[in-house]
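Visitor: My questions all concern the structure below.
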Amino acid sequence: MSVSDLLPAPATGRFIAAVHHFPLRVYFEDTDLSGLVYHANYLRYMERARSDMLRVAGIDQRGNLEDGEGVYAVTDLQLHYSRPARLDDDLMVVSRVTKVGAASCSIHQTVMRDGEILTQGDVSVAFLTPQGRPRRQPKPWIDIFSRLMRGEDINP
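Read in the UniProt record's numbering, the sequence shown has 104 at position 104, and its numbers run on one by one without any break.
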């Protein structure tokens, strides 16, 4: 038995109905001189949650990248900061699909602490070829996003 067999896996999120929940903790490196989470780190939290949401939904971004099929790129981002997070806070990033297109997807994300909204954002992404041109998303991915947008549970 190896050491890695004895340790827990990295934190991962899960879907509750069609909404993805991703837990995380604020570390010292996340804060600024005032002891509050630096504003750009909320973007990192949201990116981690979106990446985890796709993985948990069965979307293999790495495989598509390695196969030369394409990747997602953020095309639009709007954020609203309401309250700060602090060192050692346990946060939850809640993500839900709001729009699906042939080559795009929009996701609303909320960073919360104990049910209190700290930051909200709307993120739009486009699926691009390795050369940076828009390309239709794989049909199975569109189907997954469409199911999530309709509120369907995708848990096995």
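For every residue, glycine included, the Cβ atom is placed at its ideal position computed from N, Cα and C.
Which ranges does the alpha helix (DSSP H) cover as unbroken runs of at least 4 residues, wholly within the UniProt domain "Thioesterase" (35 to 116), from first to last along the chain?
Guide: Those alpha helix (DSSP H) runs which fall completely within the UniProt domain "Thioesterase" (35 to 116) and span 4+ residues are 39 to 57 and 61 to 66.
Visitor: Comparing C-alpha positions only, which one of S124, M46 and I59 sits nearest to L118?
Guide: The option with the nearest alpha carbon to L118 is M46.
Visitor: To the nearest angstrom, how far is it from the Cα of K99 to the Cα of S2?
Guide: Rounded to whole angstroms, K99 to S2 spans 44 Å at the Cα level.
Visitor: According to DSSP, F15 sits in a beta bridge with which residue or residues?
Guide: Beta-bridge pairing links F15 to H20.
Visitor: Does the separation of the CB atoms of R113 and A85 fall below 8 Å?
Guide: Yes, the Cβ-Cβ distance between R113 and A85 is below 8 Å.
Visitor: Which partner residues of L128 appear in the DSSP bridge assignment?
Guide: V71 and P134, per the DSSP bridge assignment.
Visitor: Restricting to Cα atoms, I'd like to know which of N41, E69, D52 and R48 is closest to R133.
Guide: Cα-wise, what sits closest to R133 is E69.
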